[in-house]
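This report refers to the structure that appears directly beneath it.
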Amino acid sequence: MNDSDIYSVDFTRSLPPPLKDDPEINALGRAIAEQLQNTARQIRQNIIYARIDELDEQTLDILAYDLHVDWYDYSYPVEVKRRTIKDSVKIHRRLGTKYAVETALGAVFPGTQVEEWFEYGGDPYRFRVIINATENGVTAAQQAAVLERVIFYKNLRSHLEAVPVPAGNCPALLGICLRK
Numbered sequence: 001m002n003d004s005d006i007y008s009v010d011f012t013r014s015l016p017p018p019l020k021d022d023p024e025i026n027a028l029g030r031a032i033a034e035q036l037q038n039t040a041r042q043i044r045q046n047i048i049y050a051r052i053d054e055l056d057e058q059t060l061d062i063l064a065y066d067l068h069v070d071w072y073d074y075s076y077p078v079e080v081k082r083r084t085i086k087d088s089v090k091i092h093r094r095l096g097t098k099y100a101v102e103t104a105l106g107a108v109f110p111g112t113q114v115e116e117w118f119e120y121g122g123d124p125y126r127f128r129v130i131i132n133a134t135e136n137g138v139t140a141a142q143q144a145a146v147l148e149r150v151i152f153y154k155n156l157r158s159h160l161e162a163v164p165v166p167a168g169n170c171p172a173l174l175g176i177c178l179r180k
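Numbering follows the numbering used here, with no gaps: position 176 of the sequence shown is 176.
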């Protein structure tokens with residue numbers, strides 16, 4: 001037993017010599033030491049953000065609400081929830097930028113790309129979102145959810161553009177182009 005860390009230290013060793021021999025003081029010292037060690041073990045439970053990978057799903061949902069992760073969806077798988085919460089601070093710092101849109105959507109659909117109007121020759125202040133459907137298995141319902149959430153982190157002057165999809169390719173919902 002390691003007697004030098006906060007979780008297992010014997011506090012009765014620090015009693016002055018006349019009190020060490022008193023059985024009542026010794027018992028009181030052991031009781032206090034046990035409570036202090038219990039409190040020390042509970043300290044870890046208060047460290048939440050650094051333990052996102054260890055938290056249960058219910059705690060993740062509460063944390064997302066408390067951190068104002070407006071694009072969070074309670075139906076996401078646990079790993080997606082964790083990535084979304086981890087990225088939330090970076091996204092909040094850069095709301096209204098291409099980075100924010102790509103990072104937020106990338107937590108749900110890794111490899112997502114955002115193309116701005118000047119990158120593909122579109123109308124000014126338009127953008128489109130490209131999701132790799134093959135790797136991510138994106139369904140129509142998930143596409144719709146992405147479209148609803150884009151408004152939380154995009155630039156107010158920018159608009160999601162409809163993407164024309166050539167015949168034979170998978171359909172795109174408004175501004176989302178699926179690549180296979």
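Ideal Cβ placement from N, Cα and C applies to all residues, glycine included.
In this text, all values refer to a predicted model and were calculated from it rather than measured experimentally.
>> What does the alpha-carbon distance come out to for the pair Ser75 and Ala104?
In response: In the sequence shown, the residue the question calls residue 75 occupies position 75. In the sequence shown, the residue the question calls residue 104 occupies position 104. So the alpha carbons of these two residues sit roughly 16 Å apart.
> So, helix, strand or coil for Ile62, using DSSP?
Replying inline: In the sequence shown, the residue the question calls residue 62 occupies position 62. In this structure, DSSP gives Ile62 a helical state, which the three-state scheme calls helix.
>> So, does the segment 86-93 touch the segment 114-125, judging by three or more C-beta pairs under 8 Å?
In response: no
>> Suppose contacts are defined by Cβ-Cβ distances below 8 Å. Is Phe127 in contact with Val114 by that definition?
In response: In the sequence shown, counting from the first residue as 1, residue 127 sits at position 127. In the sequence shown, counting from the first residue as 1, residue 114 sits at position 114. Their beta carbons are under 8 Å apart, which means Phe127 touches Val114 by this criterion.
>> If the criterion is Cβ atoms closer than 8 Å, does the pair Lys154 and Val101 meet it?
In response: Reading the sequence shown from its first residue, position 154 is the one you call residue 154. Reading the sequence shown from its first residue, position 101 is the one you call residue 101. Cβ atoms of Lys154 and Val101: closer than 8 Å.
>> Which of the three DSSP states is assigned to Val150 in this structure?
In response: The residue labelled residue 150 in the question sits at position 150 within the sequence shown. Correct three-state label for Val150: helix.
> Taking the DSSP output, what are the residues bridged to Arg126?
Replying inline: As a first step, residue 126 must be located in the sequence shown, where it is residue number 126. Looking at the DSSP output, Arg126 bridges to His159.
> Which stretch, first to last residue, makes up the alpha helix (DSSP H) that contains Val69?
Replying inline: Taking the first residue of the sequence shown as 1, we reach residue 69 at position 69. Per DSSP, Val69 belongs to no alpha helix (DSSP H) and is neither H nor E.
> With DSSP run on the structure shown, which of helix, strand or coil describes Ile131?
Replying inline: Locating residue 131 in the sequence shown gives position 131, where the first residue counts as 1. Correct three-state label for Ile131: strand.
> Where Glu57 and Arg51 are concerned, what is the direct C-alpha to C-alpha distance, given to the nearest angstrom?
Replying inline: Sequence index remark: in the sequence shown, residue 57 carries index 57 (1-based). Sequence index remark: in the sequence shown, residue 51 carries index 51 (1-based). Those two C-alpha atoms are separated by around 13 Å.
> Given a threshold of 16 other Cβ atoms within 10 Å of its Cβ, counted over all protein chains shown, does Gly183 qualify as buried or as exposed?
Replying inline: A query on residue 183 cannot be resolved here, the shown segment of the chain reaching from 1 to 180 and no further.
> What residues are listed by DSSP as bridge partners for Glu115?
Replying inline: Taking the first residue of the sequence shown as 1, we reach residue 115 at position 115. Answer is Arg128.
> Does the beta-carbon distance from Gln37 to Ser8 come in below 8 Å?
Replying inline: If you number the sequence shown from 1, residue 37 lands on position 37. If you number the sequence shown from 1, residue 8 lands on position 8. Result yes, Cβ atoms of Gln37 and Ser8 sit closer than 8 Å.
> Is it right to say Lys85 is buried, meaning 16 or more other beta carbons lie within 10 angstroms of its own, or is it exposed?
Replying inline: For this step, residue 85 is matched to residue 85 along the sequence shown. Inspection of the sequence shows that residue 85 is occupied by Ile rather than by Lys. Ile85 comes out buried.
>> Using a 10 Å radius around the Cβ and a threshold of 16 neighbouring Cβ atoms, would you call Ile130 buried or exposed?
In response: As a first step, residue 130 is located in the sequence shown; it is residue number 130 there, counting from the start. The residue is buried, with at least 16 neighbouring Cβ atoms inside 10 Å.
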